[in-house]
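Count the sequence shown with this note's numbering and you get residues 794 to 1300, in order.
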Amino acid sequence: MTPPQAEPAVELRGITKRFPGTLANDSVDLTVSAGEIHALMGENGAGKSTLMSVLYGMERPDAGTIRVDGREVSFAGPAGAMAAGLGMVHQNFKLFDSLTVAENVVYAAEPRRFGLVDRAAARRRVRELAEEHGLAVDPDARVGDLPVGLRQRVEILKLLHRGARTLILDEPTAVLTPAEADALFAVLKSLAAQGRTVILVTHKLREVLEGSDRVTVLRDGRVVARLVTAETTADEIAAAMTGRAVELDRVHAPGTPGDVVLDLTGLATDGVRDLELAVRAGEIVGIAGVAGNGQSELVEALAGLRPVTAGRVALRGRDITHASATERRAHGLAYVPEDRHAVGTAPAASVADNLAMGHHRTSLSSRGLLSPAAVRAHARRLVERFGIKAATEEVPASALSGGNLQKLLIGRELAHEAPLLLVEQPTRGVDIGAVQNIHDQLIAYRDAGHAVLLVSAELSEIRGLADRVLVMYEGRITATYQKDEADERSLGLAMAGGGTAPVEAVD
Ligand SMILES: Nc1ncnc2c1ncn2[C@@H]1O[C@H](COP(=O)(O)OP(=O)(O)OP(=O)(O)O)[C@@H](O)[C@H]1O
């Protein structure tokens, strides 16, 4: 006899959500069983975030119903969703850096004794939850001092403390090392085995194949496939997402390095020291590392956004150690920052205007004034070349999905054809088809004779693109590999500071 069927943990029926000019969710049905890890996939702009925002009470649907544990619900905000047993781990963690782990976990739901916060009980609670779920973390550590992988654990502990039965995770492995990602999946599997439910939004096929039970694929706001993971393949999921066959993991030929374009000697800035590095024309140098090991500080110092405290930076033979960001750009530097929202783009400005930024001295302008017709034509070319999905070129950048905003930023900077491109996390949040496109464009850029300094936490990206790979750990370069020498395991170990690991430094 089959056991009585439990109610699904989450059941969305006919969810429709419109934004001006876009049908983001078109009558979406999604059923997530209790105790499963359910992956939600789809190209950039397919409607995944919108659907999760509707489920979590952050957006009101135009039509459709939501059931949680069999009960129909309607949330006025995330607080209602939390009360119904849902919890969400956002990409940008929402923790207080200056508070301890225990204080963060119990924040706004503190155990009390005689009306006062019971700190000892809070610490005990963290230890119990950590032990029960394999989420070891020191309750007394200051969150600001923790690496990303542990901060993510704090986020998960916080949701568990509040009694979340269904966890929604938005691209949780984007900033993790392979070992941290494996540890996360072990935790998710044990949560699922205890009957909790996980909804995972991700672009990473491998982790979906290894870590999920079922997959729902969205395309253009509609469900196009419901798959059982054990019965599907990477190719099948990719084809469902894109509507065509996708060539995964293309191998690129190595570059032909020419003259030195960027030359760093003894460079130091906040959190970075003793950096020696040369990047040549026609070469991609990749810097691998876990977020927070000085890569962003290095790139900011090179872009002129952070003072260099020692050493020298030369660009095409000229000393630019203390040059302003604008002077550096004028001398041939283009820059794709990690933070596409705060630094990279102007959210209220149109897609076309964002694409024209920094082009005041180029063919788009005459005597410093941009020509509207040239700006539009330029925008149309880049939208086409990078597959940026926008209702029109006139919508504000804030209306783009995360991955499409990333494509905009890459497109704009590549269009400068600058001798040196600094690029950080070029494909974070970008779907598999667009990853291939961005990779092809970076290789073509290199082959056209430009120098590229690539910073990425994504090992397959670094290995696929870089002609030389450097690992940064605690502000220094701790290992150097030539293309093809960097296998995933030793790179992963070096990124985690694996001092005892057999990491060969080859120069
Ligand atoms: N606030 C908004 N205003 C206008 N359009 C929006 C808004 N939010 C999302 N959209 C549009 O809705 C569609 C779906 O976006 P959504 O962010 O849900 O996609 P996604 O699948 O999460 O993409 P990504 O993988 O890039 O994060 C996109 O076309 C996007 O441009």
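Just so it is clear, CB atoms sit at the ideal spot from N, CA and C, and this is done for glycine as well. The model shown is predicted, which means the values in this text are computed figures rather than measured ones.
Backbone CA spacing between residue i and residue j [nearest angstrom]
{"i": "residue 1044", "j": "residue 1108", "result": "30 Å"}
{"i": "residue 1098", "j": "residue 1117", "result": "8 Å"}
{"i": "residue 903", "j": "residue 961", "result": "23 Å"}
{"i": "residue 1290", "j": "residue 1266", "result": "6 Å"}
{"i": "residue 1028", "j": "residue 1039", "result": "7 Å"}
{"i": "residue 1103", "j": "residue 1086", "result": "18 Å"}
{"i": "residue 880", "j": "residue 952", "result": "6 Å"}
{"i": "residue 1217", "j": "residue 927", "result": "32 Å"}
{"i": "residue 1007", "j": "residue 830", "result": "7 Å"}
{"i": "residue 894", "j": "residue 965", "result": "19 Å"}
{"i": "residue 1090", "j": "residue 1130", "result": "11 Å"}
{"i": "residue 864", "j": "residue 1230", "result": "43 Å"}
{"i": "residue 1122", "j": "residue 906", "result": "59 Å"}
{"i": "residue 1082", "j": "residue 867", "result": "43 Å"}
{"i": "residue 955", "j": "residue 1159", "result": "59 Å"}
{"i": "residue 1094", "j": "residue 1138", "result": "19 Å"}
{"i": "residue 823", "j": "residue 1018", "result": "11 Å"}
{"i": "residue 1172", "j": "residue 1246", "result": "25 Å"}
{"i": "residue 1073", "j": "residue 1213", "result": "9 Å"}
{"i": "residue 1021", "j": "residue 992", "result": "14 Å"}
{"i": "residue 805", "j": "residue 1005", "result": "19 Å"}
{"i": "residue 1279", "j": "residue 1053", "result": "23 Å"}
Distance CB(residue i)-CB(residue j) smaller than 8 Å
{"i": "residue 967", "j": "residue 1088", "result": "no"}
{"i": "residue 1263", "j": "residue 1092", "result": "no"}
{"i": "residue 834", "j": "residue 1035", "result": "no"}
{"i": "residue 1193", "j": "residue 1183", "result": "yes"}
{"i": "residue 969", "j": "residue 977", "result": "yes"}
{"i": "residue 990", "j": "residue 828", "result": "yes"}
{"i": "residue 839", "j": "residue 1014", "result": "yes"}
{"i": "residue 937", "j": "residue 891", "result": "yes"}
{"i": "residue 950", "j": "residue 923", "result": "yes"}
{"i": "residue 948", "j": "residue 882", "result": "yes"}
{"i": "residue 1145", "j": "residue 1187", "result": "yes"}
{"i": "residue 959", "j": "residue 799", "result": "no"}
{"i": "residue 877", "j": "residue 861", "result": "yes"}
{"i": "residue 1185", "j": "residue 814", "result": "yes"}
Nearest neighbour of residue i, chosen from the options [CA to CA]
{"i": "residue 1080", "options": "1270, 1132, 868", "result": "1270"}
{"i": "residue 1242", "options": "870, 1050, 867", "result": "1050"}
{"i": "residue 854", "options": "863, 810, 845, 1013", "result": "810"}
{"i": "residue 1057", "options": "1203, 1071, 812", "result": "1071"}
{"i": "residue 1001", "options": "858, 832, 924, 1019", "result": "832"}
{"i": "residue 1011", "options": "1205, 1204, 844", "result": "844"}
{"i": "residue 899", "options": "806, 933, 867, 857", "result": "933"}
{"i": "residue 812", "options": "852, 918, 1283, 1206", "result": "852"}
{"i": "residue 1151", "options": "1173, 1126, 1133, 1140", "result": "1126"}
{"i": "residue 1115", "options": "1133, 1128, 1096, 1132", "result": "1096"}
{"i": "residue 1190", "options": "1167, 1169, 1147", "result": "1147"}
{"i": "residue 1220", "options": "1141, 1202, 935", "result": "1202"}
{"i": "residue 837", "options": "1094, 1222, 1251, 1274", "result": "1222"}
{"i": "residue 820", "options": "847, 814, 826", "result": "847"}
{"i": "residue 1140", "options": "912, 1100, 1199", "result": "1199"}
{"i": "residue 1062", "options": "1106, 808, 1073, 1128", "result": "1106"}
{"i": "residue 817", "options": "824, 871, 856, 826", "result": "856"}
{"i": "residue 887", "options": "941, 1024, 1179", "result": "941"}
{"i": "residue 1237", "options": "1251, 1255, 1248, 1210", "result": "1210"}
{"i": "residue 1181", "options": "1205, 1162, 1168", "result": "1205"}
Where the alpha helix (DSSP H) through residue i begins and ends
{"i": "residue 1179", "result": "1165-1179"}
{"i": "residue 831", "result": "Here residue 831 belongs to no alpha helix (DSSP H); instead the beta strand (DSSP E) covers 830-835."}
{"i": "residue 945", "result": "941-954"}
{"i": "residue 1144", "result": "1144-1149"}
{"i": "residue 851", "result": "Looking at the DSSP string, residue 851 is not in any alpha helix (DSSP H), and its letter there is neither H nor E."}
{"i": "residue 1260", "result": "Neither: residue 1260 is in no alpha helix (DSSP H) and is coded neither H nor E."}
{"i": "residue 976", "result": "971-986"}
Span of the beta strand (DSSP E) around residue i
{"i": "residue 806", "result": "803-812"}
{"i": "residue 958", "result": "No beta strand (DSSP E) contains residue 958, which DSSP labels as neither H nor E."}
Completely contained beta strand (DSSP E) runs for the region 1012-1071, where each covers 3 or more residues: 1015-1021, 1053-1062
Uninterrupted beta strand (DSSP E) stretches inside the region 855-937 (no shorter than 3 residues): Look at the region 855-937 and you find these whole runs of beta strand (DSSP E), each 3 residues long or longer: 856-861, 864-866, 879-882.
Alpha helix (DSSP H) segments (min. 4 residues) lying fully within the region 1205-1251: 1225-1240
Alpha helix (DSSP H) segments (min. 4 residues) lying fully within the region 1071-1098: 1088-1096
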